[in-house]
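Sequential numbering from 84 applies to the sequence shown in the working numbering. Just so it is clear, CB atoms sit at the ideal spot from N, CA and C, and this is done for glycine as well. Here's the structure we're looking at; comments come further down.
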Amino acid sequence: MITGYNTDVPHSDLVFHVQTEDKGKSSAWIESLVYVGGQVVARKRSSYKSYLDEGQGKQAIAEMMDKQHRLMIAEVRGGKFDAKVSELASAAIQPEAPAESTAATDTSPGLHATEDLRTLDEVILAEQQAVMEDQEVATEESVPTLDQVILEYLNSEAEQEHLVLMMDSDGDLVPGEEVGMRFQTKSSVSAAAVPGTLVAVKMISTISSPATLAAGETDEQGELGLTIRIPDLQQGTGALIITASSKLGTAEIKQLL
């Protein structure tokens with residue numbers, strides 16, 4: 084199963100792009116990336132191997148993925164990555180930094196390289212402790228803490244539906260071979276099927292122009308089956324881009340070949 088969320092988040096006169104993907108059962112990772120202007124400013128990876136060991140299926144993984152995606156959006160709106168964006172902007176206008184500055188940058192810890200899944204309560208507690216340690220001025224007019232931002236965001240998003248796209252395949256996606264692919268579309272809050280969603284499977288590569296391999300619309304149960312033959316890649320690398328478009332919005336899945 085591969086599931087993908089993509090959300091543009093306006094913040095501080097910039098547009099942050101938050102992308103969360105299921106990297107597949109072979110790796111059992113949920114990965115979230117935060118981009119600004121094509122540059123990655125944050126990454127979070129969480130393992131769902133324990134879910135597989137316990138026999139839990141798509142629903143548990145989808146819920147975990149949705150929660151992580153919403154958390155990353157809340158962190159963007161809470162300003163968690165503003166310092167990293169400023170650092171990248173400064174580097175872009177300073178062609179050569181002093182040696183001392185470079186050394187300090189090289190030895191700093193990564194922005195966001197969490198490998199183990201943390202609960203929302205643990206994230207909130209960590210942010211509260213960081214605020215207490217770093218806070219210089221505590222007034223009623225101070226900037227809200229991250230836990231307040233998260234709570235406000237989740238409350239505001241609770242009744243807002245967005246499209247969820249899930250995909251299963253009969254086997255591995257191998258260039259030069261045919262594979263059956265099954266898609267399911269549903270709403271994020273009610274989990275209701277989203278019929279009439281247009282799903283398109285495209286292939287992009289480093290040696291040829293993008294090509295649509297197959298397309299169709301989901302049925303009344305929000306399901307669609309397609310059989311495609313993945314073109315053989317004699318050289319270079321490629322990926323499948325699966326896009327879904329409906330009245331709830333769009334969703335996207337990327338799969339490297």
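Host alpha helix (DSSP H) of residue i (start-end)
| i | result |
| --- | --- |
| L52 | Here the chain covers residues 84 to 340 and nothing more, so residue 52 does not appear. |
Integer-rounded CB distance, given that residue j should sit under 8 Å from residue i
| i | j | result |
| --- | --- | --- |
| T268 | V277 | 4 Å |
| S328 | T280 | 7 Å |
| S129 | Q151 | 6 Å |
| T333 | T326 | 7 Å |
| E244 | L135 | With a Cβ gap of about 28 Å, E244 and L135 do not count as contacting. |
| V247 | S271 | 5 Å |
Beta-carbon proximity list for residue i, same chain, < 6 Å, skipping 5 on both sides
| i | result |
| --- | --- |
| R265 | D251, G308 |
| D199 | With a pLDDT of only 43 at D199, under 50, the local geometry of the prediction cannot be trusted, and no value is derived from it. |
| E300 | G279, L281 |
| E114 | E104, K106, R128 |
| A221 | Residue placement at A221 is flagged as unreliable, the pLDDT there being 38, under the threshold of 50; the coordinate-derived value follows with that caveat. Same-chain partners within the cutoff: there are none. |
| E306 | Q267 |
| K285 | P293, T295, I324 |
Own chain, CB closer than 8 Å to residue i, minus 5 neighbours either side, in chain order
| i | result |
| --- | --- |
| V92 | V98, F99, H100, V101, I156, V159, R160 |
| A182 | Note that A182 scores a pLDDT of 48, beneath 50, so its modelled location is shaky; the value from the coordinates is reported in the next line. Cβ neighbours of A182 beyond the five flanking positions: none. |
| Q318 | I290 |
Closer than 6 Å: residue i CB and nearest the ligand COA heavy atom
| i | result |
| --- | --- |
| T326 | Because no ligand of any kind appears in the structure shown, any question about the ligand COA cannot be addressed here. |
Residue interval of the beta strand (DSSP E) (run including residue i)
| i | result |
| --- | --- |
| V159 | Unbroken run through V159 is the alpha helix (DSSP H), 141-160; no beta strand (DSSP E). |
| V98 | 97-105 |
| L248 | 246-252 |
| S115 | 112-119 |
Own chain residues within Cβ distance below 7 Å of residue i, not counting five before or after
| i | result |
| --- | --- |
| V257 | I313 |
| Q122 | L171 |
| A275 | K269 |
Contact with chain C by residue i, beta-carbon distance below 7 Å
| i | result |
| --- | --- |
| A111 | Looking at the structure shown, chain C is missing, and only one protein chain is on hand. |
(message) Just to confirm the assignment: which complete beta strand (DSSP E) runs, minimum length 3, are found wholly within the region 259-340?
(response) 261-270, 281-288, 294-300, 306-312, 321-329, 332-339
(request) Give a yes or no on contact between the region 302-320 and the region 331-338, applying the rule of three or more CB pairs nearer than 8 Å. (result) no
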